[in-house]
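The opening position of the sequence shown corresponds to residue 17 in the numbering used here, with each subsequent residue numbered one higher. Input: a single structure, listed below in structure tokens.
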Amino acid sequence: MKIYPAVDILGGKAVRLYKGDYSEKTDYGDPVEAAVRLNELGAEYLHIVDLDGAKSGDTPNLGIISKIAAKTGIFVEVGGGIRSMETVEKYLSHGLSRVIIGTAAVTDRKFLCKAVSLYGSEIAVGADILDGSVRISGWLSDSGITISDFMTDMQAVGVQTVICTDISKDGALKGTNVALYEKLCREFPDIEIVASGGVTALSEITELKSAGVSGAIIGKAYYTGLIDIGKAIEAAR
Numbered sequence: 017m018k019i020y021p022a023v024d025i026l027g028g029k030a031v032r033l034y035k036g037d038y039s040e041k042t043d044y045g046d047p048v049e050a051a052v053r054l055n056e057l058g059a060e061y062l063h064i065v066d067l068d069g070a071k072s073g074d075t076p077n078l079g080i081i082s083k084i085a086a087k088t089g090i091f092v093e094v095g096g097g098i099r100s101m102e103t104v105e106k107y108l109s110h111g112l113s114r115v116i117i118g119t120a121a122v123t124d125r126k127f128l129c130k131a132v133s134l135y136g137s138e139i140a141v142g143a144d145i146l147d148g149s150v151r152i153s154g155w156l157s158d159s160g161i162t163i164s165d166f167m168t169d170m171q172a173v174g175v176q177t178v179i180c181t182d183i184s185k186d187g188a189l190k191g192t193n194v195a196l197y198e199k200l201c202r203e204f205p206d207i208e209i210v211a212s213g214g215v216t217a218l219s220e221i222t223e224l225k226s227a228g229v230s231g232a233i234i235g236k237a238y239y240t241g242l243i244d245i246g247k248a249i250e251a252a253r
């Protein structure tokens with residue numbers, strides 16, 4: 017299982033939000049320094065979210081994000097406002113390993129199909145879940161699509177990786193939803209599931225590995241000192 021430490025970028029700073037609320041953020045300084053530090057601690061994968069891009073649909077932090085990819089030289093995936101082939105191509109041409117399509121996976125199936133057709137494993141999909149339903153537009157709107165139906169559709173499109181975030185757990189430091197990820201792994205064995213939201217303890221890393229997930233994203237628990245990234249990577253192995 018892979019460990020993806022998260023670096024969320026807002027206003028040029030590394031931040032963590034509480035349940036996706038932009039008004040409830042904690043600032044953790046320079047995102048490039050944060051990424052390099054994570055790499056030094058043993059991280060071989062990084063999960064970057066451009067929170068400004070999620071709002072604008074553009075790539076306002078491209079310079080910072082491409083610098084992270086260049087300075088670390090490791091696998092770096094990025095999400096946040098990826099709604100066009102131009103944005104996909106821009107990120108991939110600037111050294112990013114994978115781009116994550118979120119809202120557009122629901123609202124623009126033609127775009128998703130084209131991206132997956134052209135770039136295969138370099139495309140992942142983000143599924144943000146609340147009460148069993150997929151949320152879109154920065155978690156503000158209910159798509160009305162159940163996670164099960166959504167995953168069935170992603171499988172049909174040929175999506176290889178889905179990053180599932182349980183919104184109710186994200187940034188709350190109260191544990192992750194192992195049962196949800198175990199269910200998705202069992203029902204959709206052909207899709208790699210990356211667990212996101214609320215991973216707080218090393219024991220959960222072991223549980224997620226046993227559940228069959230391909231990766232886990234660790235955010236606030238690292239920044240607050242609850243999880244040692246080196247130990248998390250060791251547990252995942």
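Glycine is no exception: its CB is placed at the ideal position from the N, C-alpha and C atoms.
Given this structure, state the Cα-to-Cα distance separating residue i from residue j, to the nearest angstrom.
{"i": "G235", "j": "D124", "result": "29 Å"}
{"i": "A131", "j": "E102", "result": "10 Å"}
{"i": "R53", "j": "Y238", "result": "12 Å"}
{"i": "D66", "j": "R202", "result": "31 Å"}
{"i": "A232", "j": "K18", "result": "6 Å"}
{"i": "L57", "j": "V122", "result": "36 Å"}
{"i": "Y175", "j": "G241", "result": "The question names Tyr, but residue 175 is Val in the sequence shown. If you take the alpha carbons of V175 and G241, they lie about 34 Å apart."}
{"i": "S39", "j": "V104", "result": "28 Å"}
Helix or strand or just coil, what does DSSP make of residue i?
{"i": "I209", "result": "strand"}
{"i": "L26", "result": "strand"}
{"i": "V141", "result": "strand"}
{"i": "S149", "result": "strand"}
{"i": "L33", "result": "strand"}
{"i": "L112", "result": "coil"}
{"i": "T181", "result": "strand"}
{"i": "Y20", "result": "strand"}
{"i": "F204", "result": "coil"}
By Cβ distance below 6 Å, which residues in the same chain neighbour residue i in space, the five residues on each side in sequence not counted?
{"i": "G254", "result": "Since the first residue of the chain shown is 17 and the last is 253, residue 254 is not available in this structure."}
Just checking my contact of residue i with residue j at CB under 8 Å: how many whole Å lie between their CB atoms?
{"i": "S212", "j": "T181", "result": "4 Å"}
{"i": "I209", "j": "V229", "result": "5 Å"}
{"i": "G97", "j": "S133", "result": "Actually they do not touch by this definition, with Cβ atoms about 21 Å apart."}
{"i": "G92", "j": "L62", "result": "Here residue 92 turns out to be Val, not Gly, going by the sequence shown. Right, the Cβ-Cβ distance comes to about 5 Å (below 8 Å), so this counts as a contact."}
If you drop the 5 nearest sequence neighbours on each side, which residues of the same chain put their C-beta closer than 7 Å to that of residue i?
{"i": "V48", "result": "I80, K83, I84 and K87"}
{"i": "L15", "result": "Nothing about residue 15 can be read from this structure; the chain reaches only from 17 to 253."}
{"i": "K225", "result": "M17 and A252"}
{"i": "E60", "result": "I90 and F91"}
For residue i, which residues in the same chain have their Cβ closer than 8 Å to its Cβ, ignoring the five residues on either side in sequence?
{"i": "Y44", "result": "K29, A30, V31, R32, A50 and Y239"}
{"i": "L108", "result": "V115, Y135 and E138"}
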